[in-house]
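Asks: Residue numbering for the sequence shown follows this note's numbering, starting at 2 and increasing by one per position.
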Amino acid sequence: MEFLDLVKKGSVVKVNIDSSKDRLNPKTLKAIKESPKCIVNDLRITDGKGIGVVLELANGKKEWFFENEVEIIDEQGNILKRNKQEEINFLNLKFLDKFNYIKKNDPKELVNPINFFSWLIFSFKDIF
2 MEFLDLVKKG SVVKVNIDSS KDRLNPKTLK AIKESPKCIV NDLRITDGKG IGVVLELANG
62 KKEWFFENEV EIIDEQGNIL KRNKQEEINF LNLKFLDKFN YIKKNDPKEL VNPINFFSWL
122 IFSFKDIF
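1) To the nearest angstrom, how far is it from the Cα of L121 to the Cα of D19?
2) For F91, does the three-state DSSP call read helix, strand or coil?
3) Measure from the alpha carbon of I80 to the alpha carbon of each residue in K62, V14, A59, then state which is nearest.
4) What do you get for E76, buried or exposed, if any count of 16 or more other CB atoms within 10 angstroms of its CB means buried?
5) Taking the straight line between their C-alpha atoms, what separation do you get for K109 and F117?
6) Give the single residue among P37, G11, S12 whose Cα lies nearest to the Cα of N1.
7) Taking the Cβ atom as the reference point for each residue, do V54 and V71 lie within a distance shorter than 8 angstroms?
This is the structure:
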């Protein structure tokens, strides 16, 4: 089934923290770790091919997530399986999914070639 067929305003979903932890602030991550089940507050169209959701977290804050960052929960509390459309990846860089980049803010760290290379590999994950 399609994402829009399964999710409506007021639906309960579970946030997959592994797929969104690199872009969320620490307060949001803490709220999700305490209670990963959230209520869908709104649906939004992404700039690409998908749908995003605005979720109300357990602490009352609202946060925006991509459809691949949430798991849909039915009335019994079970996670619904969705038909995932496999994207065509001509380089098949699955090892990049396990690569974790730690943000650097110090200028000395930013100009370090090793850190630049790590950032470049991490960025390729989104391109390919």
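Think of the CB as a built atom: it goes at the ideal place given N, C-alpha and C, for glycine as much as any other residue. Predicted model only: the values in this text are computed from it and were never measured.
Replies: Let's see:
1) Here residue 121 refers to the residue found at position 120 of the sequence shown. Here residue 19 refers to the residue found at position 18 of the sequence shown. When only Cα atoms are considered, L121 and D19 end up about 20 angstroms apart.
2) The residue given as residue 91 occupies position 90 in the sequence shown. Bear in mind that a pLDDT of 49 at F91, under 50, signals an unreliable position, so the number given afterwards is only what the model happens to contain. Look at F91 here: in three-state DSSP terms it is coil, with no helix or strand label.
3) Within the sequence shown, the letter at position 79 stands for residue 80. Of the candidates K62, V14, A59, the residue whose Cα lies closest to the Cα of I80 is V14.
4) Working through the sequence shown from its first residue, we reach residue 76 at position 75. That one is exposed.
5) Along the sequence shown, read from residue 1 onward, the residue named residue 109 stands at position 108. Along the sequence shown, read from residue 1 onward, the residue named residue 117 stands at position 116. Cα-Cα distance, rounded: 11 angstroms.
6) One cannot answer for residue 1 here, as it falls past the ends of the chain, which runs 2 to 129.
7) On the sequence shown, residue 54 is found 53 positions in, with the first residue counted as 1. On the sequence shown, residue 71 is found 70 positions in, with the first residue counted as 1. Closer than 8 angstroms, so yes.
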